[in-house]
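One structure below.
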Amino acid sequence: MNNAQHTARVGLFFLLGLALIWVTFETLSDGKIFKDRGYTLVAGFESLKELKQGDEVRMAGVKIGSVEQTNLAPSGRRAEAVLRIDPKITIKSDATAAIVMAGLIGTNYVGIDLGSTTAAALKDGAEIQTRVTPDINAIMSELGNLGKKLEGALGSITGAVNGDGKTPGLFQKLDKIVTDNSEKITATMANLQEVTAKLNQGEGTLGRLINDPKMHDELIASVREIKSVATDARTFVANAQAIIDHVKLGQGALGALVFDEKTATDLKSSVANLRAVSDQLAKGEGTLGKLLHDDSILRDAQAVLKKANTAIDSLGDSGPISALGAVANSLF
Amino acid sequence: MNPLTAILEGIGSTLQLLVSAAGYTPTLWRQRARFIEQCYLIGYTTLPIVAILSFFIGSVLALQAGYSMSNFGAKQFIGSLVGLSMARELGPVMAAILLTGRVGSAIAAELASMKVYQEIDALETMNIPPAKVLVLPRLAAVLVMMPVLAIIADLVGWFGGAIVSKYTQSIAIEPEAYFSVLRRFMVFEDVLNGLIKAEVFGFAIVLVCCNIGLNTRGGPREIGAAVTRAVVVSLILILVLDYFVTKALM
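These protein sequences, in sequence, are chains L and E. For the first sequence, the working numbering begins at 10 and goes up steadily by one. For the second sequence, the working numbering begins at -11 and goes up steadily by one.
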């Protein structure tokens, strides 16, 4: 192999190595040297937690930049993250940044919300508002507190159930009740057993109802009967309602009586007249009154009838004229 | 000569060789043909074996990590484990070990035989210092080639891990997830540390092997002994240096 070929291969090999190193560098450092465009924002936090240089900055989940630098503020009272934001993205002045956990094991990013449409855009080097999100440690300590509370609650439940040595617990109380009343409970159970046995054998009303199909059929028939009666009653009520409605509208005699004042007045005057007539009758005034109260009229009538009877009897075989004459005699 | 004196003499002669070779650095341009040839031997011919070995190291890392990490539900982090292990440790170390086996032994054998057959003496007689024509081009070549070998070892190992993660039924992690985790947990400094380590290892191996080769005394049997010694010393040196370089780079 000649020298020129060696040289070419070595040159190619070396260039390949350089290219690979370059590609690795670009890949792992997000090409920050040559993509150092865009503007920076400063976000101050009480703690940056696991945030480190090179972590992503996302707005609504979309990557818009990266954390360029993390340091303590000159005052030493807070931590600051310098965010490099894509120049095409504008961040509103009321948008807030928070450190968000992407995974349980130390992967974080800075999440920025969209902010309002009316707010002004933040300029290069401006400070963005931040908000605090609970980190895994805070959540864990909360969980720990919750566990303690649960433990306390369970302890008191256990105490109530098992007793605390001095006062008897639920189980002891139950046990005492059962022990003290064991005879009564046994008797009750025996009774229950007897009752259920009877039921099972079809004795008694309930037993028959349960065991006898005829009873069942009758019960069903009765229920049907009751239903039909109820239907009739409903019809009746409906009719009555119709009548009442009718009356309410002032229609018909009853309606007129109830709702028409003129009818009422007429009725009143009729009643008054009737009373006057009856008063007169009672006092024996007028023909009818006299007829009712005066015996002489009755007696006169009786005499007349007697006379008429006599006249008819005396008619006999006499002719019509003599008959007429006899009538005339008898009458006058 | 007791072992301690031997070790000290070895360290001393290696440093002397380094200093004298470094003194000839300006002549490197005139020796570019030798330099290119050494680059070819050290880099280009070592590439296939480095690639194969790295692929299987990455694969077995993923396999073992998948097996043990699935016990506690962390197998989606295989990517970062394989990535970091390959870049920071296994890539450079394995490349260095292969370099020892393939290149270091060859250097030691070549220089030892040159010494035994008095070629070195002939060069010195002609006022051509061996540090200039034999050591400097090799050192320069390994400095240039070692990062290339290491980065290839890293990348091939990553891909080996990704392939195993995808096609092993008990792991079944898509390459997208694998590389996304790898990217999330790695920075370029991790890779850079690995490249620096590889550079240090390569340089040390070549220097030690040259020194042992040049210091061979006796007959042809000593050539084999020199090669063995060169490889053993290089391997020990790699692991000892590994610890200290890792610590220094942290």
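All residues carry an ideal CB built from backbone N, CA and C; glycine is no exception. Keep in mind it's a predicted model, so treat the numbers as computed, not measured.
Three-state class that DSSP yields for residue i in the structure shown
i: residue 73 (chain L); result: strand
i: residue 138 (chain L); result: strand
i: residue 133 (chain E); result: helix
i: residue 59 (chain L); result: coil
i: residue 314 (chain E); result: The structure shown does not extend to residue 314 (chain E), since chain E is modelled only from -11 to 238, so the question has no answer here.
i: residue 161 (chain L); result: helix
i: residue 170 (chain E); result: helix
i: residue 106 (chain E); result: coil
i: residue 104 (chain L); result: coil
i: residue 65 (chain L); result: strand
i: residue 294 (chain L); result: coil
i: residue 194 (chain E); result: helix
i: residue 51 (chain L); result: strand
i: residue -3 (chain E); result: helix
i: residue 156 (chain E); result: coil
i: residue 79 (chain L); result: strand
i: residue 20 (chain E); result: helix
i: residue 94 (chain L); result: strand
i: residue 118 (chain L); result: strand
i: residue 165 (chain E); result: helix
i: residue 238 (chain E); result: coil
i: residue 62 (chain E); result: coil
i: residue 175 (chain E); result: coil
i: residue 110 (chain L); result: strand
i: residue 150 (chain E); result: helix
i: residue 132 (chain L); result: coil
Buried or exposed by the 16-neighbour rule on C-beta atoms within 10 Å, applied to residue i
i: residue 21 (chain L); result: exposed
i: residue 172 (chain E); result: buried
i: residue 146 (chain E); result: buried
i: residue 202 (chain L); result: exposed
i: residue 108 (chain L); result: buried
i: residue 64 (chain L); result: buried
i: residue 92 (chain L); result: buried
i: residue 126 (chain E); result: buried
i: residue -1 (chain E); result: exposed
i: residue 26 (chain E); result: buried
i: residue 102 (chain E); result: buried
i: residue 306 (chain L); result: exposed
i: residue 209 (chain E); result: exposed
Through-space distance from residue j to residue i, alpha-carbon basis
i: residue 161 (chain E); j: residue 64 (chain E); result: 7 Å
i: residue 163 (chain L); j: residue 170 (chain L); result: 10 Å
i: residue 5 (chain E); j: residue 117 (chain E); result: 11 Å
i: residue 132 (chain E); j: residue 142 (chain L); result: 50 Å
i: residue 314 (chain E); j: residue 49 (chain E); result: In the structure as shown, chain E starts at -11 and stops at 238, and residue 314 (chain E) therefore has no counterpart that could be examined.
i: residue 73 (chain L); j: residue 27 (chain L); result: 30 Å
i: residue 146 (chain L); j: residue 16 (chain L); result: 60 Å
i: residue 263 (chain L); j: residue 256 (chain L); result: 6 Å
i: residue 239 (chain L); j: residue 245 (chain L); result: 10 Å
i: residue 204 (chain E); j: residue 97 (chain E); result: 10 Å
i: residue 103 (chain L); j: residue 127 (chain L); result: 9 Å
i: residue 54 (chain E); j: residue 117 (chain L); result: 24 Å
i: residue 84 (chain L); j: residue 70 (chain L); result: 32 Å
i: residue 293 (chain L); j: residue 285 (chain L); result: 12 Å
i: residue 259 (chain L); j: residue 267 (chain L); result: 7 Å
i: residue 43 (chain L); j: residue 31 (chain L); result: Low confidence applies to residue 43 (chain L): its pLDDT is 49, below 50, so where it sits in the model is not reliable, and the reading given next is rough at best. Rounded to whole angstroms, residue 43 (chain L) to residue 31 (chain L) spans 12 Å at the Cα level.
i: residue 76 (chain E); j: residue 228 (chain E); result: 15 Å
i: residue 229 (chain L); j: residue 198 (chain L); result: 33 Å
i: residue 106 (chain L); j: residue 140 (chain E); result: 40 Å
i: residue 219 (chain E); j: residue 82 (chain E); result: 14 Å
i: residue 71 (chain E); j: residue 37 (chain L); result: 11 Å
i: residue 317 (chain L); j: residue 302 (chain L); result: 25 Å
Contact list for the segment 160 to 175 of chain E against chain L, Cβ threshold 7 Å: Result list: 171, 172, 174 and 175.
Proximal residues, the segment 52 to 65 of chain L versus chain B, C-beta separation under 7 Å: As a matter of chain content, chain B is missing from the structure shown, whose protein chains are L and E.
Segments of 4+ residues assigned as alpha helix (DSSP H) that fall wholly inside the segment 223 to 288 of chain L: Qualifying alpha helix (DSSP H) stretches, in chain order: 261 to 268.
Where the segment 5 to 26 of chain E meets chain L: residues whose CB sits under 7 Å from a CB there: Across the segment 5 to 26 of chain E, CB contacts with chain L closer than 7 Å involve 21, 24 and 25, in sequence order along the chain.
Residues of the segment 18 to 29 of chain L whose Cβ lies closer than 8 Å to any Cβ of chain E, in chain order: When CB distances to chain E are screened at a threshold of 8 Å, the residues of the segment 18 to 29 of chain L falling below it are 18, 19, 22, 23, 25, 26, 27 and 29, in chain order.
Complete alpha helix (DSSP H) runs within the segment 167 to 214 of chain L (minimum length 4 residues, chain order): Runs of the alpha helix (DSSP H) lying entirely within the segment 167 to 214 of chain L and spanning at least 4 residues, in chain order: 179 to 189 and 191 to 210.
Members of the segment 177 to 192 of chain E near chain L, C-beta cut-off 9 Å: Listed in sequence order: 177, 178, 179, 180 and 183.
Near-chain L residues of the segment 128 to 153 of chain E - C-beta to any C-beta below 9 Å: Here the close residues are 129, 132, 133, 135, 136, 137, 138, 139, 140, 142 and 143.
Interfacial residues, the segment 64 to 92 of chain E to chain L, with Cβ spacing under 8 Å: Going along the segment 64 to 92 of chain E in chain order, one finds 65 with a Cβ nearer than 8 Å to chain L.
Chain-ordered residues of the segment 28 to 56 of chain E with a beta carbon less than 8 Å from chain L: Within the segment 28 to 56 of chain E, contact with chain L at the beta-carbon level (separation under 8 Å) is assigned to 28, 31, 32 and 35.
Beta strand (DSSP E) runs wholly inside the segment 69 to 99 of chain E, at least 3 long, in chain order: Positions of the beta strand (DSSP E) runs, each at least 3 residues long and wholly inside the segment 69 to 99 of chain E, cannot be given because no such run exists.
3 or more residues per run - each beta strand (DSSP E) lying fully within the segment 201 to 232 of chain E: Taken in chain order, no unbroken stretch of beta strand (DSSP E) lies wholly in the segment 201 to 232 of chain E with a span of 3 residues or more.
Residues of the segment 186 to 200 of chain L with Cβ closer than 7 Å to any Cβ of chain E, in chain order: For the segment 186 to 200 of chain L, the set of positions with a beta-carbon nearer than 7 Å to some beta-carbon of chain E is empty.
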